[in-house]
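Let me begin by presenting the structure, written as structure tokens, before commenting on it.
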Amino acid sequence: MADRGFMVDEKGELVLRNGTIAVGDTLTQDVALLMLTNKGEVRHDMFAGCDLLRRMNSRMSRSEFERIVRIQLERDGKQWPVVKDGIRIRSNE
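Residue numbering for the sequence shown follows my numbering, beginning at 632 and increasing consecutively.
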């Protein structure tokens, strides 16, 4: 089942079509926003977010990255096996 909701563009602004807010499959944008979010930035869930921007220059193994993202996805009601093939990871591992 696809996640449906309000669509946002690359800048995070609502997408308007024919004068109304666009609605569509939001799984990809939900995952991207969760990965870009730091803990404490989501008002209704202070523990949501992968903190990846804060960890950008730190050493992190692929397994640690996957663990962080998997936990946050599951907290958000998404399944890691559904999402993992769509995530491109560049690592020095």
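The beta carbon of each residue, even a glycine, is placed where N, CA and C say it ideally should be. Every value quoted in this text rests on a predicted model; they were computed, and no experiment measured them.
Straight-line gap, residue i to residue j (C-alpha atoms, nearest Å)
i, j, result
"cysteine 681", "threonine 657", "18 Å"
"tryptophan 711", "isoleucine 699", "11 Å"
"arginine 648", "lysine 642", "16 Å"
"glycine 655", "asparagine 688", "34 Å"
"arginine 690", "glycine 650", "46 Å"
"arginine 674", "alanine 663", "18 Å"
"glutamate 672", "threonine 659", "20 Å"
"alanine 653", "lysine 709", "22 Å"
"methionine 632", "valine 713", "Note that methionine 632 has pLDDT 49, beneath the 50 cutoff, so the model's placement of it is unreliable and the number below is only indicative. Their Cα atoms are separated by approximately 11 Å."
"lysine 715", "glutamate 697", "8 Å"
Boundaries of the beta strand (DSSP E) in which residue i is found, first to last residue
i, result
"valine 654", "654-656"
"glycine 636", "635-637"
The alpha helix (DSSP H) enclosing residue i, as first and last residue numbers
i, result
"arginine 706", "693-706"
"valine 713", "711-714"
Residue i and residue j closer than 7 Å at C-beta
i, j, result
"aspartate 640", "aspartate 661", "no"
**Item:** the segment 696-706 contacting the segment 664-683, beta-carbon criterion three pairs below 8 Å
**Value:** yes
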